[in-house]
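Participant:
Numbering (my numbering), first residue to last: 334 to 574.
Now the structure itself:
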């Protein structure tokens, strides 16, 4: 991240995958960050194949060198946070959650030495009520956006996709979501009683598939549902003999 003066760090897990481009199989990697961009690169040649915005971007290249302030998107808490993209090989699609939340960055009028971190200025976020989230589906071979799901709150939870062409994710409203990976249609919604902002895993025991979801304990930065830390397990009903 060159000249990163927005705090747009890249801390997410970067999935590895293979797909065919122009008739040739390529070994690829996808990465995202708080800048709100999804990148795909060739792991062998390091060629940068494409980049896709997955949230609002305004004034991303304007230097933050004025005391009056520069309005920029994503803000300090925008873009893709701690959960990275997911890849579905059957559909050859990438899926990623992102935060749509802008900030005004102001340069400090003077330098003051002291104990602790020094930011060189301030960052004022838009009212939290204006923040929202996106789940974006992208063609892994071309970078074309297939569909988008908009949430009224930032999307922080992991995205888990399965061979049954489903997506499992969640919202800060407390809703656990199951979507059709092909078109983004919401197939199932369940309120977990607390915000969803962590991992979601799929596993099987004796041939029965389970989905494990954690909820609760969101930080004070986010406008989120209240709720204690909880782990929920989902499974389809079994047919009794």
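Quick reminder that beta carbons are idealized off the backbone N, C-alpha and C, glycines included. In this text, all values refer to a predicted model and were calculated from it rather than measured experimentally.
Starting from residue 483, trace the beta strand (DSSP E) both ways and give me its first and last residue.
Facilitator: Residue numbering aside, residue 483 sits at position 150 when the chain shown is read from its first letter. In the DSSP assignment, residue 483 falls within the beta strand (DSSP E) that extends over 478-484.
Participant: What's the C-alpha gap between residue 439 and residue 408?
Facilitator: Locating residue 439 in the chain shown gives position 106, where the first residue counts as 1. Locating residue 408 in the chain shown gives position 75, where the first residue counts as 1. Between residue 439 and residue 408, the C-alpha separation is close to 12 angstroms.
Participant: Under three-state DSSP, which class holds residue 542?
Facilitator: For the purposes of this step, residue 542 is taken as residue 209 along the chain shown, with counting starting at 1. Reduced to three states, the DSSP call for residue 542 is strand.
Participant: Using three-state DSSP, classify residue 461 as helix, strand or coil.
Facilitator: Residue 461 sits at position 128 when you count from the first residue of the chain shown. Three-state DSSP puts residue 461 in a helix.
Participant: Tell me where the beta strand (DSSP E) around residue 353 begins and ends.
Facilitator: Within the chain shown, the letter at position 20 stands for residue 353. From DSSP, the beta strand (DSSP E) with residue 353 extends over 349-354.
Participant: Keeping to the same chain, check which residues put their C-beta closer than 7 angstroms to that of residue 441; ignore five residues upstream and five downstream.
Facilitator: If you number the chain shown from 1, residue 441 lands on position 108. So the list reads 453 and 454, once near-sequence residues are dropped.
Participant: Residue 497: buried (16+ other C-beta within 10 angstroms of its C-beta) or exposed?
Facilitator: Reading the chain shown from its first residue, position 164 is the one you call residue 497. Residue 497 comes out exposed.
Participant: How would you label residue 482, buried or exposed, when you count the other beta carbons within 10 angstroms and need 16 or more for buried?
Facilitator: By 1-based counting over the chain shown, the position of residue 482 is 149. It counts as buried.
Participant: Ignore the nearest five residues each way along the sequence and tell me which others in residue 373's own chain have a CB closer than 7 angstroms to its CB.
Facilitator: Within the chain shown, the letter at position 40 stands for residue 373. Only 361, 363, 382, 383 and 476 meet the Cβ criterion.
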